[in-house]
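Below is one structure; the comments refer to it alone.
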Amino acid sequence: MPWDEAGAPALTRDTGAEALPEQAIASASEGAAVLQYEWRGAWVVVARGSYDIDSITPLADALTVAVREHPKVILDASGITFADSTLLNLLILTHQAGTLRIVGPSVHLQRLCEITGVDTILETRDSVDDAAVS
Numbered sequence: 000m001p002w003d004e005a006g007a008p009a010l011t012r013d014t015g016a017e018a019l020p021e022q023a024i025a026s027a028s029e030g031a032a033v034l035q036y037e038w039r040g041a042w043v044v045v046a047r048g049s050y051d052i053d054s055i056t057p058l059a060d061a062l063t064v065a066v067r068e069h070p071k072v073i074l075d076a077s078g079i080t081f082a083d084s085t086l087l088n089l090l091i092l093t094h095q096a097g098t099l100r101i102v103g104p105s106v107h108l109q110r111l112c113e114i115t116g117v118d119t120i121l122e123t124r125d126s127v128d129d130a131a132v133s
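Following numbering that gives the first Met the number 0, the numbering of the sequence shown begins with 0 at its first residue and continues without gaps.
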């Protein structure tokens with residue numbers, strides 16, 4: 000799916016859906032936070048905040064371990080408010096190491112990927128559910 004067709008993420012749960020697992024893992028650095036959990040056989044990494052050289056470490060650690068230990072990794076990027084080439088490089092490395100799906104990239108992140116041509120290799124989905132089953 001092209002970046003400009005990616006819809007808003009659907010991470011919210013209705014009353015009939017499962018809640019986030021109790022074993023969800025969270026970490027944070029200045030201006031950024033990462034939440035991780037298993038969903039329908041995929042490992043979901045939820046990124047929130049601004050990512051640059053000073054704040055990328057928790058997300059880099061999470062994605063590095065996730066792609067090594069899980070057959071499918073989903074990055075919920077809907078909460079990323081700023082990204083530079085540091086995040087772009089991390090996404091490329093994660094994609095090269097395993098199966099990565101991206102959900103809900105912001106207009107800024109979409110544009111960064113389009114300018115660099117990375118949008119042609121990264122896969123986006125409309126929701127975490129869509130990413131988990133594809």
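The beta carbon of each residue, even a glycine, is placed where N, CA and C say it ideally should be.
{"Item": "On the DSSP letters alone, give me the boundaries of the alpha helix (DSSP H) that Arg-67 sits inside.", "Value": "56–68"}
{"Item": "Exposed or buried, which one is Asp-53 when buried takes at least 16 other CB atoms within 10 Å?", "Value": "exposed"}
{"Item": "Do you know offhand how far Trp-38's Cα is from Thr-115's?", "Value": "31 Å"}
{"Item": "Alpha carbons only, please: which of Gly-40, Ala-32 and Ala-41 is nearest the one belonging to Ala-59?", "Value": "Ala-32"}
{"Item": "Can you tell me whether Gln-35 is buried or exposed? The criterion is at least 16 other CB atoms within 10 Å of its CB, across all chains shown.", "Value": "buried"}
{"Item": "In the DSSP assignment, the beta strand (DSSP E) including Arg-47 goes from what residue to what residue?", "Value": "41–50"}
{"Item": "Nearest-angstrom Cα distance between Val-64 and Leu-92?", "Value": "12 Å"}
{"Item": "Identify every run of the alpha helix (DSSP H) within the segment 67–106, keeping only runs that are complete inside it and at least 4 residues long; order them along the chain.", "Value": "84–96"}
{"Item": "Determine the contact status of Cys-112 and Leu-121, defining contact as a CB-CB distance below 8 Å.", "Value": "yes"}
{"Item": "Excluding five sequence neighbours on each side, which residues of the same chain lie with their C-beta closer than 6 Å to the C-beta of Asp-51?", "Value": "Asp-83 and Thr-85"}
{"Item": "At what residues does the alpha helix (DSSP H) containing Val-132 begin and finish?", "Value": "127–132"}
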